[in-house]
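Under our numbering, the first residue of the sequence shown is numbered 1337, with each subsequent residue one higher.
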Amino acid sequence: MALIRELVICSPLLVIGFGLLYYFGREQPRQQREPAVAEQVEALLEGEEDVVFDEEDFDEGEEEDVDDEEEVHAGMNGHQQQPEAAAGPSRRRQKVVGAKKSKSLARRDQIRAYNEFVRQRAQEEKEAQRLFEEQHKEQIESEKRERERRHAEATAKIQSRKGKERQQYQQEKQLHDSTRKKLVDEIEKTGKTRLESDLDLEIAQTLDKGYVVQQGSWLVKPSNDDLVQLAGHIGSKGRLSFEELSDYLKDM
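Put into structure tokens, the structure is as follows:
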């Protein structure tokens, strides 16, 4: 009697246990169940304890059944139902670039890379110069003062030399002007003057008021009467050398 009573009492539990075994056995090939569920089923069969199943276990199984039904339905309909596209960032279309355009883009990249290289080199050199100036600040300032001193000395020498040159030029100009005036005055007064220096000869050669004779020793300015007498002298002699002509002009 006790055995029959225990069977009657435990029969609902046995039915529930066999139902759960059937349910989880059908789902076992597709998904592995947690060890806790299997232990609960075994405990139920052995009558060790009352088992409480969470609603999550059943909900999970129901969701999987729904997924299976949807898969079967989709397989029967073939390609009539297309899966929706997964959400995500849109893909950028690939543009086809020709060989000429590709070379142009490559050349542009090379130029950009070269400009960037030059810019970095300039920055590095500038930074190196700044560090060098910081490390050798006293030496640089000393060299700068020395350069300024030498520059001032050179400038003073140049100014002094230019001053002497201007003074010498003024003296030479004054001498040239006075010598020219003396020669002009003498030849206008006497018609001839003696050339005593190279400067006298140089100035006499630029004048249009006379002739240089006696191998550069005299400047003479014959008058019209003197030229008439010279023509008669040449006519009487028939011929006259340059030396005789210079002597004749000097003695006139």
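Virtual Cβ for every residue (Gly too), placed ideally from N, Cα, C.
Residues that residue i bridges to, as DSSP identifies them
i, result
"THR1317", "The shown model of the chain, from 1337 to 1588, leaves out residue 1317, and the question about it has no answer."
"VAL1548", "LEU1555"
Nearest residue (CA-CA) to residue i, options the options
i, options, result
"GLU1524", "GLU1538, GLU1469, THR1542 and LYS1557", "LYS1557"
"GLU1522", "LEU1535, TRP1554 and GLU1474", "TRP1554"
"GLY1527", "GLY1546, ILE1476 and ARG1443", "GLY1546"
"LEU1590", "ASP1544, ARG1502 and SER1496", "Since the displayed the chain opens at 1337 and closes at 1588, residue 1590 lies outside it and no answer follows."
Delimiting residues of the alpha helix (DSSP H) encompassing residue i
i, result
"LEU1537", "1534-1542"
Cβ of residue i within 8 Å of any chain C Cβ
i, result
"LYS1439", "Among the protein chains of the structure shown there is no chain C, as only one such chain exists."
Inter-stretch contact at 8 Å, needing at least 3 Cβ pairs: the segment 1524-1534 / the segment 1492-1512: no
Segment contact, 8 Å Cβ cut-off, at least three pairs: the segment 1515-1522 with the segment 1482-1492: no
Segments assigned beta strand (DSSP E), at least 3 residues, entirely inside the segment 1453-1530: With a minimum length of 3 residues, the continuous beta strand (DSSP E) runs that stay inside the segment 1453-1530 are 1528-1530.
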